[in-house]
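From first to last, the protein sequence lines are chains B, P and W.
Residue numbering for the first sequence follows this note's numbering, beginning at 1 and increasing consecutively.
Residue numbering for the second sequence follows this note's numbering, beginning at 1 and increasing consecutively.
Residue numbering for the third sequence follows this note's numbering, beginning at 1 and increasing consecutively.
Presented below is the structure to which this report refers.
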Amino acid sequence: MLIKSIKHDLLSTYRDFLSVYSALLVIALIGPFIVNSGVEWMIAILFLGIFGFSVATFVITFLTIIRLYNRRLFSAEGYLTLTLPVKTSTTIIAKVVTGFIWSTLTVIVFGISMLIFGLIYYWTNGAFKSVDYLALMDIIEMITDTGAVWTVIQSVFVGLPLTILDSIYSLVLLVFVMTLINTSLIKKYKVPVGIAIYMVISGLLSSVLAIFHGAAIVFSTGDPMFITGPFDYLTNFGYSINWVSYMIQFIGMVVYIAGLGYASWWLLEHKLELE
Amino acid sequence: MIEIKNVTKTYDGKPALINVNLSLQTGKIIGLLGPNGSGKTTLIKILNGLLRDYKGEVLIDGNPVNEISKSLVSYLPDRNYLPNWTNAEGAIKIFKDLYQDFDEEKMRSLFAKLNLDPKQPLKKMSKGMKEKFQLALVMSRNAKIYILDEPIGGVDPAARELILKTILENYAPESLVLISTHLIADIEQIFDSVVFLKEGQVVLFEDVDTIRQTQGKSIEEYFKEVFRC
Amino acid sequence: MDTFQNTQPIYLQIMNLIKKQIATSVFNPGQLLESVRELALVYQVNPNTVQRALSELEREGLVRSERTIGRYITKDEAAIAQLHQNLVDEATSTYINTLLELHMSQESIITTVKNRLKGDNT
């Protein structure tokens with residue numbers, strides 16, 4: 001059921017993204033040639049377009065995720081969505097997962113576009129004409145020696161879960177607030193109240209987490225503490241992780257996600273009132 | 001099959017349903033009758049899980065209102081609820097995917113009888129066509145319970161007859177059909193029994209032929225009498 | 001098919017319809033009846049109503065049912081003859097009583113009937 005719900009959610013939203021992603025890729029492919037041409041007004045328009053599209057991409061992603069939830073559940077379509085033989089928890093999870101997929105995909109497509117832009121630009125300006133393999137090997141060896149590669153891998157391993165959790169946390173908070181304003185508890189001025197509640201809760205939760213965080217740091221020895229874990233051998237390269245900090249943020253995010261998810265579920269199960 | 005026990009729903013101090021007690025059995029086609037604002041739609045929303053904040057208990061084939069009860073009920077709301085972003089085939093796919101009891105053969109034949117085109121984008125369908133389409137989808141399921149909210153309201157007489165025929169064809173001794181309507185004359189011949197809902201309260205729940213016998217009137221006439229202000 | 005009035009119990013109307021069809025030989029003795037479901041679709045009424053009508057007709061001995069065959073009109077010629085007679089008597093009583101209420105004498109009633117039948121034959 002969960003997979004099916006996610007599939008249908010993705011199907012209902014992919015069209016919005018297709019055009020934007022295509023536009024980004026087109027700019028990435030054509031852009032370098034425009035820059036190379038040296039024609040000033042074209043370059044100006046190009047960069048305006050890049051700026052505009054970048055903003056548009058993120059705005060569209062954000063709006064689509066909101067619209068997905070609002071429309072599916074609380075508009076006339078809710079008469080279909082909420083009478084499907086799907087558990088409430090599954091519905092919520094499917095929406096969060098779909099939102100996560102799209103926001104992550106947007107970041108990835110954006111990154112790839114920039115990469116393509118850069119590669120094409122440097123290639124057309126003679127960067128990869130003659131590849132000196134020996135020099136390349138030297139460079140690679142140099143990088144590995146400094147432990148920079150490990151550092152990068154490590155920060156990705158460490159940083160990624162927290163980034164993912166943070167992304168999911170934002171989505172679940174959004175879901176919670178949207179659910180709240182659509183129940184019998186809030187009758188008027190739903191949108192402004194919703195925005196206000198989002199900011200208040202967001203600030204509140206961050207502050208609480210920061211307090212715990214700070215307290216934990218104070219009670220630790222002041223030096224980064226190491227818990228025996230899979231990554232401590234990496235510290236040989238001079239990079240250290242404050243595990244206390246890490247665990248607190250990790251657990252805090254998980255608790256918030258679970259709490260907000262449960263609250264959203266509870267609201268849908270007990271306070272739903274579809275017009 | 002459907003047990004409604006002591007259900008009370010109040011909106012802002014205004015009562016929509018007051019202590020409703022009903023026991024609806026299988027194998028019956030039951031009419032839920034009452035003027036606008038009598039609580040019909042509220043009750044139907046509760047049965048389908050679209051309204052969760054109320055007092056009392058509802059059991060559908062022994063289940064509370066949850067994903068299991070929803071798999072047993074085929075619900076036709078009184079409004080258009082299909083997503084605009086897809087065409088008919090897309091909507092059919094959703095039903096096929098999520099409902100075990102969806103019968104594709106039945107759907108194709110209903111579509112043909114109602115002159116509907118599966119390939120048409122929902123955006124381009126007229127209001128009347130969308131209503132027929134929704135009805136076709138709902139009746140294509142072999143559900144245990146059908147809840148139809150104003151199924152013959154906005155359609156032409158030919159479609160109306162077809163809809164009544166479809167309801168009769170779908171009838172099975174193990175299934176229950178609950179129809180809410182205000183067009184009584186056209187439909188009273190297919191009811192087993194009717195519920196009169198007046199200002200949120202059940203004032204009558206009786207077999208139609210018994211009413212005809214004891215009152216000497218049609219259900220529509222008796223309805224007008226009971227609900228005369 | 002709008003054959004039924006909503007002001008009277010429909011199962012009774014179905015019974016009367018079938019009785020008439022038996023008495024007027026639309027249905028032959030021993031003829032197999034369609035299923036409850038099919039009849040309901042034809043009459044556009046609730047299947048339970050049809051069921052009730054047929055059960056009542058069974059009780060009155062005009063319809064029989066057998067597991068392997070289904071429901072069929074009785075083969076009992078005497079019962080059918082009785083039904084026929086009942087319907088004739090009913091129609092006659094209704095007619096005569098109406099004319100009597102209209103203050104017609106017995107002789108004028110007979111003359112009216114004779115004239116009407118003669119008129120119909122020309």
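For each residue, glycine too, the CB sits at the ideal point set by N, CA and C.
Query raised in the report: Applying a beta-carbon distance threshold of less than 7 Å, which residues of chain P neighbour W/L41?
Result: Within the third sequence, numbered from 1, the residue matching residue 41 of chain W stands at position 41. K165, L168 and E169, listed in chain order.
Report task. Kindly indicate which three-state DSSP category P/Y222 falls into: helix, strand or coil? Result -> Here residue 222 of chain P corresponds to residue number 222 of the second sequence, with the count starting at 1. Taken through DSSP and simplified to helix, strand or coil, P/Y222 comes out as helix.
**Report entry** Meets three-Cβ-pair contact criterion under 8 Å: the segment 76-95 of chain P and the segment 4-21 of chain B
**Finding:** yes
**Report entry** Cβ contact check for the segment 200-207 of chain P and the segment 2-22 of chain P: 3 or more pairs under 8 Å
**Finding:** Under the Cβ criterion (8 Å, minimum of three pairs), the segment 200-207 of chain P counts as touching the segment 2-22 of chain P.
Query raised in the report: Of all the options P/S140, P/N84, P/N80 and P/Q120, which has the alpha carbon lying nearest to the alpha carbon of P/E105?
Result: What you label residue 105 of chain P is simply residue 105 of the second sequence in a count that begins at 1. Just measuring C-alpha positions, the residue of P/S140, P/N84, P/N80 and P/Q120 sitting nearest P/E105 is P/S140.
Requested in this report: Check the Cβ-Cβ distances between W/Q44 and every residue of chain P, and say whether any is below 8 Å.
Outcome: As a working mapping, residue 44 of chain W is identified with position 44 in the third sequence. Chain P, which has a Cβ nearer than 8 Å to the Cβ of W/Q44, makes this yes.
**Report entry** Per-residue burial, B/I164 [other beta carbons within 10 Å of its own, 16 or more giving buried]
**Finding:** By 1-based counting over the first sequence, the position of residue 164 of chain B is 164. B/I164 should be labelled exposed.
**Report entry** Assigned exposure category for P/V177 - 16 Cβ within 10 Å defines buried
**Finding:** By one-based count along the second sequence, residue 177 of chain P stands at place 177. So P/V177 ends up on the buried side.
Report task. Could you check the C-alpha separation between W/L33 and P/S175 for me, to the nearest Å? Result -> Here residue 33 of chain W corresponds to residue number 33 of the third sequence, with the count starting at 1. Here residue 175 of chain P corresponds to residue number 175 of the second sequence, with the count starting at 1. Take the alpha-carbon of W/L33 and the one of P/S175: they are about 24 Å apart.
Requested in this report: Take the Cβ of W/N115 as the centre, count every other Cβ of all protein chains shown within 10 Å, and call the residue buried at 16 or more, exposed below.
Outcome: On the third sequence, position 115 is the one that residue 115 of chain W refers to. When all chains shown are included, W/N115 counts as exposed.
Query - Contact set between the segment 43-68 of chain P and chain B, restricted to residues whose Cβ is under 9 Å from the partner - result: K45, N48, G49, L50, L51, R52, D53, N66, E67 and I68
Query - Near the ligand HEM: B/S19 beta-carbon under 7 Å from a heavy atom - result: Ligands are entirely absent from the displayed structure, and the ligand HEM is therefore not among its contents.
**Report entry** Candidates B/F176, B/F212, B/H213 and B/I211, of which the one nearest B/I195 by Cα
**Finding:** What you label residue 195 of chain B is simply residue 195 of the first sequence in a count that begins at 1. When each option's Cα is compared against that of B/I195, the closest is B/F176.
Query - the segment 17-24 of chain B / the segment 69-84 of chain B touching (three or more Cβ pairs under 8 Å) - result: no
Query raised in the report: How many Å lie between P/P15 and W/A91 at the Cα?
Result: Your numbering for residue 15 of chain P matches position 15 in the second sequence. Your numbering for residue 91 of chain W matches position 91 in the third sequence. Their Cα atoms are separated by approximately 55 Å.
Query raised in the report: How about P/N6: is its C-beta nearer than 8 Å to some C-beta of chain B?
Result: Residue 6 of chain P sits at position 6 when you count from the first residue of the second sequence. It does not: the Cβ of P/N6 has no partner Cβ on chain B nearer than 8 Å.
Report task. Keeping to the same chain, check which residues put their C-beta closer than 6 Å to that of B/K95; ignore five residues upstream and five downstream. Result -> Mapped onto the first sequence, residue 95 of chain B falls at position 95. Hits under 6 Å: Y69.
Query raised in the report: What distance in whole Å lies between the Cβ atoms of P/I179 and P/G31, which are believed to be in contact at a cut-off of 8 Å?
Result: Taking the first residue of the second sequence as position 1, residue 31 of chain P is located at position 31. Taking the first residue of the second sequence as position 1, residue 179 of chain P is located at position 179. The pair is a contact, with the Cβ atoms about 5 Å apart (cut-off 8 Å).
Query raised in the report: Taking Cβ-Cβ distances shorter than 9 Å, what residues in chain W pair up with P/Q213?
Result: Within the second sequence, residue 213 of chain P is the residue found at index 213, counting from 1. Chain-order list of chain W residues neighbouring P/Q213: Q8, P9 and L12, by C-beta distance under 9 Å.
Query raised in the report: Of the residues that make up the segment 79-110 of chain B, which ones have a beta carbon closer than 7 Å to any beta carbon in chain P?
Result: Residues passing the 7 Å Cβ filter: Y79, L80, L82, T83, L84, P85, V86 and K87.
**Report entry** C-beta contact flag for P/A136 and P/L110 at 8 Å
**Finding:** By 1-based counting over the second sequence, the position of residue 136 of chain P is 136. By 1-based counting over the second sequence, the position of residue 110 of chain P is 110. A contact, by the Cβ cut-off of 8 Å.
Query - Start and end residues, beta strand (DSSP E) containing B/F250 - result: Taking the first sequence and counting its residues from 1, one reaches residue 250 of chain B at position 250. It is not in any beta strand (DSSP E) - B/F250 instead sits in the alpha helix (DSSP H) that spans W243 to H270.
Query raised in the report: Residues of chain P with a CB under 8 Å from the CB of B/S12: which are they?
Result: By 1-based counting over the first sequence, the position of residue 12 of chain B is 12. Ordered by position in chain P, the residues that pass the 8 Å Cβ test against B/S12 are P83, W85 and T86.
Requested in this report: State buried or exposed for B/I108, treating a residue as buried only when at least 16 other CB atoms are found within 10 Å of its CB.
Outcome: As a first step, residue 108 of chain B is located in the first sequence; it is residue number 108 there, counting from the start. Exposed: under 16 other Cβ atoms inside 10 Å.
Query - Test: B/R67 CB closer than 8 Å to a CB of chain P - result: For the purposes of this step, residue 67 of chain B is taken as residue 67 along the first sequence, with counting starting at 1. It does not: the Cβ of B/R67 has no partner Cβ on chain P nearer than 8 Å.
Report task. Give me the Cα-Cα distance between P/N142 and B/E275, rounded to the nearest whole angstrom. Result -> To locate residue 142 of chain P, count along the second sequence from 1; it is residue 142. To locate residue 275 of chain B, count along the first sequence from 1; it is residue 275. If you take the alpha carbons of P/N142 and B/E275, they lie about 28 Å apart.
Query raised in the report: Between the Cα of B/I211 and the Cα atoms of B/E273, B/L185, B/Q249 and B/Y189, which residue gives the shortest distance?
Result: As a first step, residue 211 of chain B must be located in the first sequence, where it is residue number 211. The candidate whose alpha carbon is nearest that of B/I211 is B/Q249.
Requested in this report: Rounded to whole angstroms, what's the CA-CA distance from P/E57 to P/L43? Just pull it up for me.
Outcome: As a working mapping, residue 57 of chain P is identified with position 57 in the second sequence. As a working mapping, residue 43 of chain P is identified with position 43 in the second sequence. Distance between the alpha carbons of P/E57 and P/L43: 12 Å.
Query raised in the report: Since P/P15 is in the beta strand (DSSP E), which residue starts that stretch and which ends it?
Result: Here residue 15 of chain P corresponds to residue number 15 of the second sequence, with the count starting at 1. P/P15 -> beta strand (DSSP E) spans K14 to L24.
Query raised in the report: How about W/N48: is its C-beta nearer than 8 Å to some C-beta of chain P?
Result: By 1-based counting over the third sequence, the position of residue 48 of chain W is 48. Yes, its Cβ sits closer than 8 Å to a Cβ of chain P.
Requested in this report: List in chain order: all unbroken alpha helix (DSSP H) runs of 4+ residues lying wholly within the segment 76-106 of chain P.
Outcome: 88-98
Report task. Could you tell me the distance, in whole angstroms, from the CA atom of P/K124 to the CA atom of P/N84? Result -> Position 124 of the second sequence, counting from 1, holds the residue named residue 124 of chain P. Position 84 of the second sequence, counting from 1, holds the residue named residue 84 of chain P. Roughly 9 Å separates the two Cα atoms.
Query raised in the report: Run through DSSP, which three-state label would W/E66 get?
Result: In the third sequence, counting from the first residue as 1, residue 66 of chain W sits at position 66. Residue state, collapsed to three classes: strand.
Query raised in the report: Since P/R52 contacts B/L2 with CB under 8 Å, what's their CB separation in whole angstroms?
Result: Numbered from its first residue, the second sequence carries residue 52 of chain P at position 52. Numbered from its first residue, the first sequence carries residue 2 of chain B at position 2. Between B/L2 and P/R52 the Cβ distance is about 22 Å, and since that is not below 8 Å, they are no contact.
Query raised in the report: Does the beta carbon of P/I219 come closer than 8 Å to any beta carbon on chain W?
Result: Looking up residue 219 of chain P in the second sequence gives position 219. Closer than 8 Å to some Cβ of chain W, the Cβ of P/I219 qualifies, so yes.
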